[in-house]
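**Q** Taking my numbering, the leading residue of the sequence shown gets 55, the next gets one more, and so forth. Glycine included, C-beta positions come from ideal geometry on N, C-alpha and C. What follows is a structure written as structure tokens; I'll ask about it next.
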Amino acid sequence: MIDSVAAVVLAGGGMLAGEDEQGWGRESKALLPLNGRPMVDYVVAALKGCPEIARIVLVGPPDLTSIYGGEGEMLFADSGCSPLESFTAGVEALGCTGEGEWTWVLACTGDIPFLTSEAVSDFLARCREREADFYYPIIRQEAAERRFPGVKRTYARLRDGTFTGGNLFLVHKGIIDRCLDWAEEFVRLRKKPAALARLVGIGLLWRYLTGQLTVSEAEQRISRLVGARGAAVITPYPEIGVDVDKPSDWKLAEREFARSGQ
55 MIDSVAAVVL AGGGMLAGED EQGWGRESKA LLPLNGRPMV DYVVAALKGC PEIARIVLVG
115 PPDLTSIYGG EGEMLFADSG CSPLESFTAG VEALGCTGEG EWTWVLACTG DIPFLTSEAV
175 SDFLARCRER EADFYYPIIR QEAAERRFPG VKRTYARLRD GTFTGGNLFL VHKGIIDRCL
235 DWAEEFVRLR KKPAALARLV GIGLLWRYLT GQLTVSEAEQ RISRLVGARG AAVITPYPEI
295 GVDVDKPSDW KLAEREFARS GQ
């Protein structure tokens, strides 16, 4: 039962790609001001508004402590050299509380300013509909482009449809070590197609390249690799997946906040 969740917000990471000449680079892009607030503040607000979230850990530079240090329920950890190291630091900070009230960890990036409490709660509700050890949200291309016209995302064409990935990852704390080991290997090989094919299986890779791979087949293969049950959750909330990584993303965010008056 997914009824006790701690959130680890990855708020490290540097400048927006392609904008260093504009002076946007800083220790954490999540701290860039968006409509008068640090970008990560929208993520924090969304998580705080979720009754399912029992704890929030912010992983990033010391500036985060100066902004949120007065809020007793927040925990902090320093960024690692990679997102995986940062996530591990966040999980370790949770372990230091000694309270043990959480059984699930929700990893969340600090650069998804459109995230809402409703989107997070809906994702968790959909996760409860299936029994698994870890869950990953995916978003249909048509839903993303309908909500955010002009958004630029990387899509995967499967037999079930064309999807982009979300910026959340829900995992049971009992399998975190296993997931991290596999994820580290996958990231290490991501730019080596031959080695990656050996990892996931040449047959599966071919089915993906020809558009024949289904969501269910991908789930089954990844579950076997990790040694735990994984589930892809189709979410109707594109807000979960639209992050701010490049200048076009930033301009889209500015337009959206100006339009909504937030």
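Please state the DSSP three-state secondary structure of A173.
**A** Counting from 1 along the sequence shown, the entry for residue 173 is found at position 119. In the structure shown, A173 sits in a helix (DSSP, three-state: H, G or I).
**Q** Could you tell me whether the Cβ atoms of F177 and I229 are closer together than 8 Å?
**A** Working through the sequence shown from its first residue, we reach residue 177 at position 123. Working through the sequence shown from its first residue, we reach residue 229 at position 175. In this structure, I229 does not lie closer than 8 Å to F177 by Cβ.
**Q** State the Cα-Cα distance for the pair L306 and S277, rounded to the nearest angstrom.
**A** One-based indexing of the sequence shown puts residue 306 at position 252. One-based indexing of the sequence shown puts residue 277 at position 223. The alpha-carbon atoms of L306 and S277 are separated by roughly 36 Å.
**Q** Look up W158 in the DSSP assignment and give the residues it is bridged to.
**A** Locating residue 158 in the sequence shown gives position 104, where the first residue counts as 1. In DSSP, W158 forms a bridge with V59 and H226.
**Q** Can you grab the Cα-Cα spacing for the pair W158 / P105, in whole Å?
**A** For the purposes of this step, residue 158 is identified with residue 104 of the sequence shown, where counting begins at 1. For the purposes of this step, residue 105 is identified with residue 51 of the sequence shown, where counting begins at 1. Straight-line Cα distance between these residues: approximately 14 Å.
**Q** Under the three-state reduction of DSSP, which class applies to Q256: helix, strand or coil?
**A** Locating residue 256 in the sequence shown gives position 202, where the first residue counts as 1. Reading off the sequence shown, one finds Ile at residue 256, where the question assumed Gln. The answer is helix: DSSP assigns I256 an H, G or I state.
**Q** Ordered along the chain, which non-local residues of its own chain (more than five positions away) have a Cβ less than 8 Å from that of R283?
**A** Within the sequence shown, the letter at position 229 stands for residue 283. So the qualifying residues of the chain are E185, A186, D187, F188 and S277.
**Q** Return the chain-ordered list of same chain residues with a C-beta closer than 6 Å to the C-beta of A147, the five sequence neighbours on each side being excluded.
**A** Along the sequence shown, one-based indexing puts residue 147 at 93. Cβ neighbours of A147 beyond the five flanking positions: V111, L129 and A131.
**Q** Please classify I193: is it buried, with 16 or more other beta-carbons within 10 angstroms of its beta-carbon, or exposed?
**A** As a position in the sequence shown, residue 193 is number 139, starting the count at 1. Label assigned to I193: buried.
**Q** Grab the span of the alpha helix (DSSP H) containing P137 for me, first residue to last.
**A** As a first step, residue 137 must be located in the sequence shown, where it is residue number 83. Counting along the chain, the alpha helix (DSSP H) containing P137 begins and ends at P137 to G149.
**Q** Am I right that A198 and P292 are in contact with their C-beta atoms under 8 Å? What's the rounded C-beta distance?
**A** Locating residue 198 in the sequence shown gives position 144, counting from the first residue. Locating residue 292 in the sequence shown gives position 238, counting from the first residue. Contact flag correct, Cβ pair sits at about 4 Å.
**Q** Using a threshold of 8 Å, state whether the C-beta atoms of A84 and A61 are closer than that.
**A** Counted from its first residue, the sequence shown places residue 84 at position 30. Counted from its first residue, the sequence shown places residue 61 at position 7. Not a contact, by the Cβ cut-off of 8 Å.
**Q** Cβ of G164 within 8 Å of Cβ of Y190?
**A** Locating residue 164 in the sequence shown gives position 110, where the first residue counts as 1. Locating residue 190 in the sequence shown gives position 136, where the first residue counts as 1. Contact flag unset, no.
**Q** Is the separation between the beta-carbon of L280 and that of R232 shorter than 8 Å?
**A** Here residue 280 refers to the residue found at position 226 when the sequence shown is read from its first residue. Here residue 232 refers to the residue found at position 178 when the sequence shown is read from its first residue. Contrary to the premise, residue 280 reads as Val rather than Leu in this sequence. A distance below 8 Å separates the beta carbons of V280 and R232.
**Q** Rank L88, C135 and V98 by C-alpha distance to the C-alpha of A108 and give the top, closest one.
**A** Position 54 of the sequence shown holds residue 108. Among L88, C135 and V98, the Cα nearest to that of A108 belongs to V98.
**Q** Skipping 5 residues on each side, what residues in its chain have a beta carbon closer than 7 Å to that of S302?
**A** In the sequence shown, the residue the question calls residue 302 occupies position 248. Closer than 7 Å at Cβ, skipping near neighbours: K206.
**Q** Are the CB atoms of P167 and L88 within a distance shorter than 8 Å?
**A** Your numbering for residue 88 matches position 34 in the sequence shown. Your numbering for residue 167 matches position 113 in the sequence shown. Yes, these two residues count as a Cβ contact at 8 Å.
**Q** Do you know how far the Cα of R313 is from the Cα of V254?
**A** As a first step, residue 254 must be located in the sequence shown, where it is residue number 200. As a first step, residue 313 must be located in the sequence shown, where it is residue number 259. Between V254 and R313, the alpha-carbon positions lie close to 43 Å from each other.
**Q** Can L101 and I294 be called in contact, C-beta distance under 8 Å?
**A** Here residue 101 refers to the residue found at position 47 when the sequence shown is read from its first residue. Here residue 294 refers to the residue found at position 240 when the sequence shown is read from its first residue. No.
**Q** Do W304 and V298 come within 8 Å of each other at the CB atom, strictly closer than that value?
**A** Here residue 298 is taken as the residue at index 244 of the sequence shown, counted from 1. Here residue 304 is taken as the residue at index 250 of the sequence shown, counted from 1. Closer than 8 Å, so yes.
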